[in-house]
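So the protein sequences, as listed, match chains A and B. Count the first sequence with the UniProt record's numbering and you get residues 1 to 187, in order. Count the second sequence with the UniProt record's numbering and you get residues 1 to 187, in order. For glycine and all other residues, C-beta sits at the position ideal for the given N, C-alpha and C. These numbers were taken from a predicted model, which means no experiment stands behind them.
Number of protein chains: 2
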Amino acid sequence: MKEERADAARNRAKVLAAAAEVFAAKDPRAVTMDDIAKAAGVGRGTLYRRYPDVASIAVALLDEHEAALQRGLLAGPPPLGPGAPPAERLAAFYTAMADLLEAHGDLALATEIGGRRFEIGAYGFWRAHVLSLLREARIPAPEALADTLLAPLAPEVFKHQRAQGLSLAKVKGALSRLATVVENRPG
Amino acid sequence: MKEERADAARNRAKVLAAAAEVFAAKDPRAVTMDDIAKAAGVGRGTLYRRYPDVASIAVALLDEHEAALQRGLLAGPPPLGPGAPPAERLAAFYTAMADLLEAHGDLALATEIGGRRFEIGAYGFWRAHVLSLLREARIPAPEALADTLLAPLAPEVFKHQRAQGLSLAKVKGALSRLATVVENRPG
DNA sequence: CCTTAAATGGACATCGTGTCCGCTTATTCG
DNA sequence: CGAATAAGCGGACACGATGTCCATTTAAGG
Numbered sequence: 001m002k003e004e005r006a007d008a009a010r011n012r013a014k015v016l017a018a019a020a021e022v023f024a025a026k027d028p029r030a031v032t033m034d035d036i037a038k039a040a041g042v043g044r045g046t047l048y049r050r051y052p053d054v055a056s057i058a059v060a061l062l063d064e065h066e067a068a069l070q071r072g073l074l075a076g077p078p079p080l081g082p083g084a085p086p087a088e089r090l091a092a093f094y095t096a097m098a099d100l101l102e103a104h105g106d107l108a109l110a111t112e113i114g115g116r117r118f119e120i121g122a123y124g125f126w127r128a129h130v131l132s133l134l135r136e137a138r139i140p141a142p143e144a145l146a147d148t149l150l151a152p153l154a155p156e157v158f159k160h161q162r163a164q165g166l167s168l169a170k171v172k173g174a175l176s177r178l179a180t181v182v183e184n185r186p187g
Numbered sequence: 001m002k003e004e005r006a007d008a009a010r011n012r013a014k015v016l017a018a019a020a021e022v023f024a025a026k027d028p029r030a031v032t033m034d035d036i037a038k039a040a041g042v043g044r045g046t047l048y049r050r051y052p053d054v055a056s057i058a059v060a061l062l063d064e065h066e067a068a069l070q071r072g073l074l075a076g077p078p079p080l081g082p083g084a085p086p087a088e089r090l091a092a093f094y095t096a097m098a099d100l101l102e103a104h105g106d107l108a109l110a111t112e113i114g115g116r117r118f119e120i121g122a123y124g125f126w127r128a129h130v131l132s133l134l135r136e137a138r139i140p141a142p143e144a145l146a147d148t149l150l151a152p153l154a155p156e157v158f159k160h161q162r163a164q165g166l167s168l169a170k171v172k173g174a175l176s177r178l179a180t181v182v183e184n185r186p187g
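Here you go:
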């Protein structure tokens with residue numbers, strides 16, 4: 001395992017810092033490899049060396065923020081972490097994701113660039129989490145429901161709701177209501 | 001109001017027919033104006049004369065199919081049309097949309113090309129419908145919930161579920177479970 | 001220092017977009 | 001019926017983004 005060369009490390013940092021600014025400054029879906037290269041003062045080839053496309057750069061930036069939430073889900077205090085009933089944990093997850101989208105919606109949006117939402121980034125992790133909650137709640141055929149329940153967290157959807165003038169609280173309220181579907185009730 | 005010239009009408013038909021085949025033949029998100037022009041035996045300028053982009057062509061093709069469902073919602077027999085309780089109507093709507101996505105998923109996918117899902121096509125219609133059901137069910141703050149409930153119908157989501165091996169029935173099952181959120185229950 | 005391989009960055013080829021305008025063809029009117 | 005007129009057509013063009021390639025630069029180690 002060779003060390004990363006000093007100039008390489010420096011450039012990696014420059015790129016990520018510059019990319020964060022670029023994503024914040026303009027429509028994240030319109031950001032181009034050139035934009036980031038220019039902003040970072042780096043050639044395009046250098047970018048491609050590490051990241052295959054713009055979405056990957058956004059993922060790299062987002063990872064850091066998502067990791068915190070992921071730890072909370074796995075081992076944090078209830079209701080986010082283990083210990084609370086599934087419905088409450090799902091609601092807490094929704095709330096936390098809404099906060100994350102509110103804070104880093106630009107990056108999340110950039111993540112969707114190639115339409116690879118399901119392969120790239122943390123989608124698999126969120127899905128596994130929801131799936132385990134559904135199983136714990138003894139929901140029949142939980143596989144399809146997991147994707148269904150994650151759909152409203154698509155960055156596009158969240159952004160659209162906020163752009164419409166819906167407050168963060170209102171969006172969270174809607175998601176919380178959704179979370180009640182995991183409560184088993186008389187059928 | 002001038003009549004459409006005969007050759008123009010002929011070309012419109014040629015274009016739509018060719019476009020339908022092209023969308024069916026390859027990844028609808030990768031279809032280009034050129035592809036359609038070539039397939040229709042028409043110049044690109046002719047395409048741009050009527051349709052500003054690929055998504056619009058897909059919308060034109062999809063409209064026809066969506067119109068039937070729209071009529072059903074407004075004036076058809078229950079539970080799709082008026083008369084049934086909101087939860088049942090929502091479930092019926094979900095089922096019908098799933099069938100529509102199953103039959104014309106390729107077009108629906110092409111509709112999302114520019115990331116304009118919320119402005120283009122029938123999204124506004126579906127939203128208005130769901131909103132009215134939520135109001136009828138006396139759900140508080142229904143605006144945010146409307147978008148939330150429509151999110152799982154995003155063509156990308158449906159396609160992903162089906163591609164994973166989930167049967168149409170399973171997907172419908174998940175959606176039906178979702179529909180139960182409009183049932184008022186003890187809080 | 002000097003060697004060596006990693007790292008860089010810009011040139012290149014390719015593709016898709018959207019516009020523009022000279023040519024063609026349907027329609028209308030004398 | 002044949003010319004005038006305007007609608008319709010389609011390819012050429014300029015532009016912008018992508019991803020690759022390789023000559024040059026630069027760090028790291030002896």
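Put simply, the CB of residue 173 of chain A is near chain B, with a gap under 7 Å to one of its CB atoms. Under DSSP, the beta-bridge partners assigned to residue 84 of chain B are B:82.
Where residue 62 of chain A is concerned, the enclosing alpha helix (DSSP H) starts and stops at 54 to 75. Below the 7 Å Cβ cutoff, chain B contributes 147, 151 as neighbours of residue 157 of chain A, in chain order.
Under the three-state reduction of DSSP output, residue 27 of chain B falls in the coil class, being neither helix nor strand. If you draw a straight line from the Cα of residue 174 of chain A to the Cα of residue 163 of chain A, it comes to about 16 Å.
The beta carbon of residue 35 of chain A is closer than 6 Å to those of 22 in its chain, skipping five residues each way along the sequence. DSSP places residue 125 of chain B inside the alpha helix (DSSP H), whose first and last residues are 123 to 136. Collapsing the DSSP output to three states places residue 166 of chain A in coil.
Among the residues of chain A, those whose CB is under 9 Å from the CB of residue 178 of chain B are 145, 148, 149, 178, 181, following chain order. Its chain contains 33, 34, 37 as the residues whose beta carbon lies nearer than 7 Å to that of residue 44 of chain B, once the 5 sequence neighbours on both sides are disregarded; these appear in chain order. Listed along chain A, no residue sits closer than 8 Å to residue 104 of chain B by beta-carbon distance, the nearest being about 18 Å off. The C-beta of residue 166 of chain B comes closer than 7 Å to at least one C-beta of chain A. Given a length threshold of 4 residues, each whole run of the alpha helix (DSSP H) inside the UniProt DNA-binding region "H-T-H motif" (32 to 51) of chain A is given here in chain order: 33 to 40, 44 to 50.
Within chain B, the C-beta atoms nearer than 7 Å to that of residue 118 of chain A come from 160, in chain order. By the beta-carbon neighbour count (other beta carbons within 10 angstroms, threshold 16), residue 51 of chain B is buried.
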